[in-house]
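I have placed the structure first, in the form of structure tokens, so that the comments after it can refer back to it.
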Amino acid sequence: MKTSPMLLAAASLLALAACGKKPPKELPPPPLDNNSAAATNMPAEAGPAPGSQADFVASVVADRIFFDTDSSDVGPQDQATLRSQVAWLTKYPNTRVTIEGHCDERGTREYNIALGDRRANAAKNALAALGVSPARISTISYGKERPDALGSDESAWSKNRRAVTVTVQ
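The sequence shown begins at 55 in my numbering and counts up one residue at a time.
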């Protein structure tokens, strides 16, 4: 006796349908919407963790200062930025920071590493002069290796001549 392929397919589908899942005894709760956190006594999102890099960036005027070409002098316009960093560092006395020195793409790698080091140390010395313990501050120079802005014009170069303060986690 020959069995037709159509009959085999129908029998297979019938067998699979009989093996269906049983429904759960209890359904999970519906997903929460953005306004239901208060109704369920769950803590609402409170922003960045105190003392974190995100808190630092959100709390200070800026996390970086900028320099003129071939200079490591901290300008008067950057004093407000550094004072706001000092206020935050005073609030979190156990937090350490690293100051990263950066340069634009012009100059040799060796020259820019040395210039980035002078810029990082200038920022460190300015923070120390404003009351932050130098033991809490380390420095590193990236020279021209980590540009913030790409391009070969003054607009890009001015953004890359910087010292950036980063919290150590």
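We put the CB at the ideal spot given by N, CA and C, even for glycine.
Residue span of the alpha helix (DSSP H) that contains Arg172, given as start and end: Arg163 to Ala183
Between the segment 139-147 and the segment 157-166, do three or more beta carbon pairs fall short of 8 angstroms? The segment 139-147, when compared against the segment 157-166, does not touch it at the 8 angstroms Cβ threshold.
Leaving out five residues on either side along the sequence, give the residues of the same chain with a beta carbon under 6 angstroms from the beta carbon of Trp211. Asp158
Do Ala109 and Val218 have their C-beta atoms closer together than 8 angstroms? The question names Ala, but residue 109 in the sequence shown is Asp. Not closer than 8 angstroms, so no.
Could you round the C-beta distance between Val224 and Val140 to whole angstroms and report it? I think they count as a contact, below 8 angstroms. No information on residue 224 is available, as it lies outside the stretch 55 to 223 that the chain covers here.
Which residue or residues does DSSP assign as beta-bridge partners of Arg150? Val222
Identity of the residue in Asp124, Ala100, Ser138 and Val114 nearest Leu172 by Cα: Note that residue 172 corresponds to Arg in the displayed sequence, not to Leu. Selected option, being the one with the closest Cα: Asp124.
Compute the Euclidean distance between the alpha carbons of Pro104 and Val222, then round it to the nearest angstrom. 13 angstroms
Do you know how far the Cα of Pro83 is from the Cα of Tyr196? 51 angstroms
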